[in-house]
Amino acid sequence: MTKSDELAAIDKIRGWIQAAQRVVVLTGAGISTDSGIPDFRGPNGVWTKSPAAEKQSDIRYYMADPAVRKASWRSRLAHPAWQAKPNPGHLALAALERRGKLHALITQNIDELHQAAGNSAARVIEVHGTMRKVVCMRCGWRGPMEETLRRVEAGEEDPPCHSCGGILKSATISFGQALVPEVIDRAMRAAVEAEVFLAIGTSLQVYPVAGTLPLARDAGAKTAILNAEATPMDSLAHYRLSGPISEILPAICAPA
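First residue of the sequence shown? That's 5 in the working numbering, and the numbers climb one at a time after it.
Structure below.
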C-alpha cells in the first residue's frame with residue numbers, strides 16, 4: 005500500500021467511525037509494544053526469541069513443574085508491564101469511548117493498559133484475564149499481584165497460597181486452560197452488534213477470539229485490520245494497514 009493509499013484508507017475508516025454508534029475494537033499484543041511490552045509471535049517476540057518461555061504459559065507445565073513456576077515468578081517480577089504507560093494507541097481508544105463511539109473493547113492483552121488509559125472496565129472485555137491479579141489454583145482465592153510479588157522479592161521462589169497452600173498463578177488464561185464462557189459469549193455478542201470492527205495489533209491466530217472479525221463482517225460490519233505482520237484474515241477486512249499503531253490509530257479515531 006502506498007502512502008497516499010494509506011492516507012485514503014485512514015480517512016475512510018475515520019468516516020466510518022464518525023457515522024457509527026457501535027464501534028467494536030479487538031486488541032492484541034501489538035498495541036502495547038510501543039509501551040515497552042514485547043509481543044509473543046512477532047520478529048522480536050518473547051516466544052520468538054526464547055521458545056522455552058512458552059512453557060511458562062502452558063498450564064500443564066506450570067502445574068507439574070516447580071522449575072517452570074519459579075521461572076514464571078522471576079519473569080513476572082521483571083515484566084516490563086509494571087513500568088509501562090499507555091501509549092497514543094491506548095489513549096486514542098479511550099478518547100473514542102469519551103466520544104460515545106466505543107461499544108466494546110475486546111482485548112487479548114493482560115496488562116490493563118486500556119484501563120490505565122481511561123477506558124472503563126464496563127467496556128473492556130479481557131478474554132485472557134489479567135496479570136495484575138493472582139489466583140490460587142486449588143481454593144480459588146484471588147488477590148493483587150503486587151502482594152505476591154513482594155513475597156517473591158523476599159525470597160519465596162514459588163509462593164504458595166496463604167489460605168490453603170495451593171499453587172498460585174497470575175489470573176490469566178494459560179494454554180490448556182479453559183476460557184471463561186461468559187466472557188467469550190460477551191465478546192461474540194459485541195462482534196455481532198458492531199457497525200465498525202477494528203482488529204488492532206493482533207495476529208488473529210488465537211481462537212475463539214479470532215473469530216470475532218469474520219463474525220462481525222458476516223453481520224454487516226465494516227472491518228479493518230491494523231497489524232505489523234500479515235494475518236490469516238487480511239482478505240476478510242475492507243482495509244488492512246501495517247504502519248505504526250501509535251501513529252495510525254490516533255488518526256483513525258480522531259473526529260472526522
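Even glycine gets a Cβ: it sits at the ideal position worked out from N, Cα and C. What you are looking at is a predicted structure, and each value in this text was computed from that prediction instead of being measured.
Can you tell me whether DSSP reads residue i as helix, strand or coil?
| i | result |
| --- | --- |
| Thr37 | helix |
| Val156 | helix |
| Cys257 | helix |
| Leu208 | coil |
| Glu130 | strand |
| Asp265 | In the structure displayed, the chain extends from 5 to 260; residue 265 sits before or after that span and is not available. |
| His107 | strand |
| Thr52 | Legend: pLDDT at Thr52 = 48, less than 50; position of this residue unreliable, value from coordinates given subsequently. In the structure shown, Thr52 sits in a helix (DSSP, three-state: H, G or I). |
| Asp162 | coil |
| Pro147 | According to the sequence as given, residue 147 is Gly; it is not Pro. Strand, per DSSP. |
| Ile171 | strand |
| Lys137 | strand |
| Thr6 | coil |
| Val187 | helix |
| Arg193 | helix |
| Arg80 | helix |
| Arg221 | helix |
| Asp270 | This structure cannot settle anything about residue 270, because the visible part of the chain is limited to 5 through 260. |
| Ser124 | coil |
| Pro92 | helix |
Using only CA atoms, which one of the options lies nearest to residue i?
| i | options | result |
| --- | --- | --- |
| Arg136 | Val213, Cys143, Gly144, Glu150 | Glu150 |
| Ala194 | Gln87, Ala234, Ile129, Glu10 | Ile129 |
| Thr152 | Cys143, Pro163, Arg73, Gly144 | Pro163 |
| Asp69 | Glu101, Ile17, Leu81, Glu161 | Glu161 |
| Gly205 | Ile21, Thr6, Thr37, Ala24 | Thr37 |
| His107 | Arg155, Val27, Met192, Ala99 | Val27 |
| Gly32 | Val131, Ser8, Arg244, Ala198 | Val131 |
| Arg190 | Ile110, Arg18, Ile14 | Ile110 |
| Pro212 | Ala13, Pro254, Leu81, Leu30 | Leu30 |
| Glu101 | Gln112, Trp86, Asn123, Gly93 | Asn123 |
| Pro259 | Ser79, Met5, Gly104, Ala214 | Gly104 |
| Met5 | Leu230, Met237, Pro236 | Leu230 |
| Ala98 | His83, Ala126, Trp77, Gly40 | Ala126 |
| Ala158 | Trp77, Ala214, Asp238, Ala13 | Trp77 |
Excluding sequence positions up to five away, which residues of its chain have a Cβ less than 7 Å from the Cβ of residue i?
| i | result |
| --- | --- |
| Ser116 | Position check: residue 116 holds Glu in this sequence, whereas Ser was assumed. The residues are Thr134, Arg136. |
| Asp62 | Ser178, Phe179, Gly180 |
| Ser167 | Cys140, Cys143, Trp145 |
| Ala175 | Gly133, Thr134, Lys137, Val138, Val139, Arg146 |
| Thr227 | Phe201, Leu217, Ala220, Arg221, Leu240, Ala241, His242 |
| Arg155 | Pro163 |
| Val72 | Lys59, Gln60, Tyr65, Tyr66 |
| Ile17 | Ala228, Tyr243, Ile256 |
| Cys165 | Cys140, Arg142, Cys143, Trp145, Leu172 |
| Gln209 | Pro236 |
| His94 | Ile35, Leu117, His118, Ala121 |
Tell me, which residues are paired with residue i by DSSP?
| i | result |
| --- | --- |
| Asp62 | Phe179 |
| Thr227 | Phe201 |
| Pro29 | One point to set straight first is that residue 29 is Val, not Pro, in the sequence displayed. Looking at the DSSP assignment, Val29 forms a beta bridge with Leu109, Leu202. |
| Arg102 | None; Arg102 has no bridge partner. |
| Ile18 | Per the sequence shown, the amino acid found at residue 18 is Arg instead of Ile. DSSP, once it has assigned bridges, lists no residue as partnering Arg18. |
| Leu245 | Leu230 |
For residue i, I'd like the list of residues in its chain whose CB is within less than 6 Å of its CB, leaving aside the five on either flank, ordered along the chain.
| i | result |
| --- | --- |
| Gly147 | Val138 |
| Pro90 | Leu117, Ala120, Ala121 |
| Ala223 | Val196 |
| Thr52 | Confidence at Thr52 is low in this model, with a pLDDT of 48, below 50, so its placement is unreliable and the value that follows should be read with caution. None. |
Using a Cβ-Cβ cut-off of 8 Å (strictly less than) and excluding sequence neighbours within five positions of residue i, which residues of its own chain qualify?
| i | result |
| --- | --- |
| Pro92 | Asp38, Ser250, Glu251, Leu253, Pro254 |
| Gly169 | Arg142 |
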